[in-house]
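If you read the sequences in order, they're chains D and E.
So for the first sequence, numbering that gives the first Met the number 0 puts the first residue at 0; every next one is plus one.
So for the second sequence, numbering that gives the first Met the number 0 puts the first residue at 0; every next one is plus one.
Where a beta carbon is used, it is the ideal one built from N, C-alpha and C, also for glycine.
On a predicted model such as this, the values are computed, not experimentally measured, just so you know.
2 protein chains.
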Amino acid sequence: MPGELPHPDRSEIQLTDVLFALSDPERLAIARQLADGPLDMAACHATDPNLPKSTKSHFMKVLREAGVIRNEANGRRRMLTLRRDDLDARFPGLLESVLRA
Amino acid sequence: MPGELPHPDRSEIQLTDVLFALSDPERLAIARQLADGPLDMAACHATDPNLPKSTKSHFMKVLREAGVIRNEANGRRRMLTLRRDDLDARFPGLLESVLRA
DNA sequence: TCTTGGGTTCGAGAATCATCGAACTATCGG
DNA sequence: CCGATAGTTCGATGATTCTCGAACCCAAGA
């Protein structure tokens with residue numbers, strides 16, 4: 000498990016990538032669950048609980064590469080965070096309207 | 000050219016479909032151009048001007064089926080409209096933040 | 001009515017994306 | 001060390017989606 004996964008810098012976040020990442024119901028559900036605060040990946044069961052872990056990991060990858068979430072190693076766990084500040088700075092109001100909808 | 004193409008009712012518009020439709024740069028550009036008001040399809044060159052018409056028509060189909068735009072027959076032309084009212088009612092603030100970004 | 005201009009639909013091939021098992025990696029507890 | 005736990009990566013298969021030519025459709029002139 001590589002400690003450091005690549006994350007786009009705030010300035011590199013593309014609107015279309017964000018929209019695409021959130022255009023899937025499961026990924027959207029993950030983002031919504033993270034709206035309440037950071038979460039251990041193991042504790043994140045926004046999706047089907049008996050989902051294969053490779054699939055779940057892939058969801059996180061899409062969200063991470065789009066700049067929607069941060070996925071950082073924390074011991075043997077993974078801490079997931081919604082990149083609210085970065086998204087708000089780059090696309091004001093977008094995240095709020097998506098999460099609220 | 001069938002006069003009436005199917006459009007989803009306001010209540011049927013799905014957030015994920017809207018996000019997906021706007022997650023493509025060309026489709027996003029079309030939506031942005033329509034933000035200034037309705038447009039004849041022939042006058043809409045938000046995209047590459049020598050784009051095959053079938054491709055352009057396909058973009059419009061995705062946007063229409065998602066509920067982002069309206070595509071209505073008007074004589075031998077096509078009138079394109081951004082469904083701002085419907086989108087605002089269903090997902091307040093979303094469209095504005097996407098168009099402004 | 002015949003032709004033209006503007007768009008849709010169909011069909012096929014290419015490209016992208018999703019899903020999941022299997023192998024791998026890294027960390028912690030014993 | 002050893003095993004178990006938590007997650008990533010790889011590879012393959014299947015499902016969507018994109019792209020575009022060709023055929024078709026319809027309204028409006030000539």
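Asked, Found
"Measuring straight from C-alpha to C-alpha, what distance separates L33(E) and N49(D)?", "43 Å"
"Check whether the Cβ atoms of F90(D) and L21(D) sit closer than 9 Å, and answer yes or no.", "no"
"Residues in its own chain within less than 6 Å of P7(D) by CB, not counting five upstream and five downstream?", "G66"
"Counting only Cβ-Cβ distances shorter than 9 Å, please list the residues of the stretch 65-95 of chain D near chain E, keeping chain order.", "R89, F90, P91, G92, L93, L94, E95"
"Starting from P24(E), find everything on chain D with Cβ-Cβ shorter than 7 Å and list it in chain order.", "T15"
"How is the alpha helix (DSSP H) around R69(E) delimited, first residue to last?", "From DSSP, R69(E) is part of no alpha helix (DSSP H) but of the beta strand (DSSP E) over 68-73."
"Taking only the alpha-carbon atoms, compute the straight-line gap between F19(D) and F19(E) and give it to the nearest angstrom.", "6 Å"
"Helix, strand or coil for D16(E), going by three-state DSSP, please let me know.", "helix"
"Kindly indicate if chain D contains any beta-carbon less than 9 Å away from that of R9(E).", "no"
"Could you check how far apart the C-beta atoms of R76(E) and D35(E) are, in whole angstroms? I think they sit under 8 Å.", "Their Cβ separation, rounded to whole angstroms, is 18 Å, which puts R76(E) and D35(E) out of contact at 8 Å."
"Compare the C-beta of A63(E) against all C-beta atoms of chain D and say whether one is closer than 9 Å.", "A small fix is needed here, since residue 63(E) is Arg in this sequence, not Ala. R63(E) does not count as touching chain D."
"Using CA coordinates, which residue listed in D16(E), L4(E), A30(E), E3(E) is at the minimum distance from S96(E)?", "A30(E)"
"Could you tell me the alpha carbon to alpha carbon distance between P5(D) and E64(D), rounded to whole angstroms?", "8 Å"
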